[in-house]
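All letters in the sequence shown, in the order written, are residues 261 to 783 by this note's numbering.
Here a beta-carbon is modelled for each residue, glycine too, at the ideal position from N, C-alpha and C.
See structure below.
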Amino acid sequence: DANTARLIGRQNVAKLDGAIIELIKNTYDADASKCVLYYEDSTHTFIIADNGCGMSEKVIIENWMTIGRSTKTITHKSSGGRVQTGEKGIGRFALDRVGDNCKMLTLNEKNKLFWSVKWDSFNFGKSITDVTADLEEVELSILDFLKDIRNKYFVETLNEFIETSKTGTIFVVSDLRDEWNETTLVRIKNAIKMLVPSEYSKLFNVYFFEEKTDTLDKARLITENDEIRYDYKIDFKVESSGDATIKIIRNEFEFGEKFDEIIKGCSFTEEDKEYFKGKEKVIKTSIEKECSVSENIVGAFSGVLYYFKNSFSEKDKEIYFYKDNNLSNYNEIFTGIKIYRDGFRVRPYGEFNTSLYDWLMLSYRKNKSPAAIAHPTGSWRVNANQIMGSIFISRENSGIEDQANREGIIESRAFEIFKEFIIFVIKEFESDRQYVGRKLNLYHKQNSNIESFEEELNRQLNKQKKGGKNFSSNIDISRVKSAIDEKNEKIQFLEDENKLLRTLATTGILTNTYIHEIKGLND
């Protein structure tokens with residue numbers, strides 16, 4: 261039935277930004293170095309174009325217009341050597357999710373072709389073979405094709421991009437299905453910014469023009485990131501054989517002139533001494549050992565994770581010798597652990613404000629084990645908003661397969677093992693940080709004024725009690741005052757923390773009460 265096109269297009273792609281990202285992936289697969297998007301508010305028109313290889317009449321008829329048939333299923337690499345991101349043969353139906361009317365101009369090495377379709381032609385009750393699209397060879401220039409577009413700077417820039425490569429494709433979509441307001445545009449742009457790693461910006465870049473955009477810099481979305489600041493960095497790599505290497509870099513602590521004194525006082529090892537100077541801590545293991553499996557069914561993959569504290573007190577800085585890495589101002593869209601397949605985001609993993617932002621359930625682990633870093637018996641756990649990074653897979657990871665709607669990965673046994681190993685990597689980092697924290701906390705207690713003073717005072721009291729003598733004060737009064745001040749400061753901190761916890765508890769009870777009442781009204 262013709263309605264099939266709607267089922268796998270408009271109704272299969274849940275979000276507008278998901279549809280646009282699917283179209284951007286197609287431009288990458290066409291060996292484009294530039295993908296250009298444009299939204300015209302006054303006419304409610306959307307354009308996506310690229311300077312890729314273009315399409316021939318044969319490709320349009322046999323692949324583009326044939327559902328489920330993709331050249332990428334047989335050949336994983338493009339003619340330019342890129343590992344292609346699509347393979348299911350339904351990506352072009354994302355155009356239906358965007359708007360009803362679509363026209364295309366494509367320039368291949370031999371000619372120019374014009375294609376157009378009205379997606380609402382795919383009505384229930386018709387056979388899909390009764391629905392047609394127009395396809396003809398034309399001598400139309402890009403400037404003529406886009407003559408009604410109001411932003412002439414955009415048209416000239418796009419014309420220059422395609423004229424330089426001599427090939428490319430332009431889609432103009434009208435009668436858009438969504439309301440394109442400022443919030444929509446910000447959401448789309450944020451999704452695109454995190455679509456590919458910054459390392460790919462030299463090979464592939466995305467530009468988003470609006471009606472008044474008048475420079476290329478304003479339109480550019482994917483740029484090389486500045487060097488990432490972090491407290492801990494964790495690199496890991498799993499070979500197809502199953503062998504795994506984990507590298508942990510400490511960048512959280514700064515001992516300054518007390519370096520040797522602290523190393524000795526905390527009984528850190530010679531290896532620890534080198535780790536604090538920037539040497540990588542290397543752990544060799546295997547996915548079979550850590551995930552209790554007989555073979556690596558996941559395949560080869562790798563990743564890099566960064567841990568950063570959201571905040572810390574002056575007291576914590578004094579105890580743990582924290583560096584001031586200034587990490588609290590990271591934009592939310594850059595947080596989370598994201599998955600990239602062959603250089604493209606697998607959405608929505610690690611995407612802020614989605615259910616799969618915390619797809620490894622790190623917050624759940626934290627709630628189950630809320631111990632502090634220096635707790636002598638408990639296990640400190642990292643929270644979801646304290647860690648970010650990228651995990652890289654490819655089409656070779658056949659057990660980790662994308663859903664057809666591009667809204668996640670199919671929950672398979674291979675994907676469960678994949679997640680289990682990443683949690684193991686995170687545990688290794690957590691263990692290292694808690695090991696350092698415990699030692700530094702103990703060192704602080706042994707050397708702090710209040711701890712040493714209380715021990716000395718208790719020793720003297722016990723000694724005098726055993727001797728049956730009355731207590732006589734021969735203790736330095738300044739030490740007494742300092743100890744009392746420190747004790748009072750600690751009490752004040754705990755009282756403030758207690759007040760905060762009471763406030764949060766009260767807020768939680770009130771919120772729960774309102775939710776309960778609203779549910780009752782709904783029922």
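Opposing strand residues paired with residue i [DSSP bridges]
i: Val377; result: Cys362
i: Gly596; result: Met648
i: Glu397; result: Leu373
i: Gly312; result: DSSP lists no partner for Gly312.
i: Val432; result: Ile307, Lys363
i: Glu216; result: The structure shown does not extend to residue 216, since the chain is modelled only from 261 through 783, so no value can be given for it.
i: Gly563; result: Phe496, Ile651
i: Phe382; result: According to DSSP, which records beta bridges pairwise, Phe382 is partnered with nothing at all.
i: Ile669; result: Asp662
i: Phe405; result: Answer by DSSP bridge pairing: none, since Phe405 is not bridged.
i: Tyr582; result: Phe513
i: Phe604; result: Arg601
i: Val480; result: One detail in the question is off: residue 480 reads as Arg in this sequence, not Val. Tyr467, per the DSSP bridge assignment.
Cβ pair residue i, residue j closer than 8 angstroms
i: Tyr567; j: Val642; result: yes
i: Arg693; j: Pro636; result: no
i: Ile599; j: Leu620; result: no
i: Gly494; j: Glu540; result: Going by the sequence as given, residue 494 is Ile instead of Gly. Taking 8 angstroms as the Cβ cut-off, Ile494 and Glu540 do not qualify as a contacting pair.
i: Leu445; j: Tyr467; result: no
i: Arg357; j: Leu276; result: yes
i: Asn361; j: Lys386; result: no
i: Arg410; j: Glu512; result: no
i: Ile543; j: Glu690; result: no
i: Ala262; j: Phe382; result: yes
i: Val606; j: Asp662; result: yes
i: Gly428; j: Asn311; result: yes
i: Ile647; j: Leu565; result: yes
i: Ser500; j: Asn556; result: yes
i: Thr545; j: Ile388; result: no
i: Asn585; j: Asp491; result: yes
i: Phe496; j: Ile506; result: yes
i: Phe414; j: Thr473; result: yes
Endpoints, the alpha helix (DSSP H) within which residue i is located
i: Ile327; result: No alpha helix (DSSP H) contains Ile327, which DSSP labels as neither H nor E.
i: Leu463; result: Here Leu463 belongs to no alpha helix (DSSP H), and DSSP marks it neither H nor E.
i: Glu300; result: Segment 294-300 is the beta strand (DSSP E) holding Glu300; no alpha helix (DSSP H) there.
i: Thr287; result: 276-289
i: Glu555; result: Neither: Glu555 is in no alpha helix (DSSP H) and is coded neither H nor E.
i: Lys449; result: 442-453
i: Asp532; result: 530-536
i: Phe421; result: 412-425
i: Ser623; result: 622-628
i: Arg266; result: 264-267
i: Glu521; result: 519-525
Alpha-carbon spacing of residue i relative to residue j, whole angstroms
i: Ala290; j: Val498; result: 30 angstroms
i: Ala479; j: Leu418; result: 12 angstroms
i: Asn707; j: Leu700; result: 11 angstroms
i: Leu764; j: Ser654; result: 44 angstroms
i: Asn794; j: Ser552; result: For the chain, the structure presents residues 261 to 783; residue 794 sits outside this window and is missing.
i: Leu760; j: Ser562; result: 41 angstroms
i: Phe678; j: Ile547; result: 9 angstroms
i: Ile670; j: Glu676; result: 10 angstroms
i: Ala674; j: Gly659; result: 5 angstroms
i: Asp576; j: Asn718; result: 27 angstroms
i: Gly649; j: Glu611; result: 12 angstroms
i: Ile751; j: Phe515; result: 27 angstroms
i: Asn722; j: Asp618; result: 54 angstroms
i: Ile320; j: Ile448; result: 28 angstroms
i: Ser554; j: Phe681; result: 14 angstroms
i: Tyr609; j: Asn627; result: 21 angstroms
i: Asn371; j: Leu267; result: 33 angstroms
i: Ser571; j: Pro630; result: 17 angstroms
i: Cys526; j: Val696; result: 9 angstroms
i: Leu476; j: Ser293; result: 15 angstroms
Anticipated Cβ contact below 8 angstroms, residue i with residue j, distance rounded
i: Cys313; j: Asn368; result: 7 angstroms
i: Ala309; j: Phe464; result: Rounded, the Cβ-Cβ distance is 14 angstroms, inconsistent with contact.
i: Ala279; j: Ala393; result: 19 angstroms between Cβ atoms; not a contact.
i: Gly359; j: Phe405; result: Contact flag wrong, Cβ pair sits at about 17 angstroms.
i: Leu622; j: Ala644; result: 4 angstroms
i: Arg352; j: Trp324; result: 6 angstroms
i: Lys201; j: Phe604; result: Summary: the structure shown does not reach residue 201, with the chain confined to residues 261 through 783, and so no result is reported for it.
i: Leu373; j: Glu322; result: About 14 angstroms separates the two Cβ atoms, so there is no contact after all.
i: Leu365; j: Leu400; result: 6 angstroms
i: Leu297; j: Phe469; result: 7 angstroms
Bounding residues of the beta strand (DSSP E) (the contiguous stretch that carries residue i)
i: Ile506; result: 503-510
i: Val542; result: 541-546
The ligand MG heavy atom lying under 7 angstroms from the CB of residue i
i: Ile543; result: The ligand MG is absent from the structure shown, which contains no ligand whatsoever.
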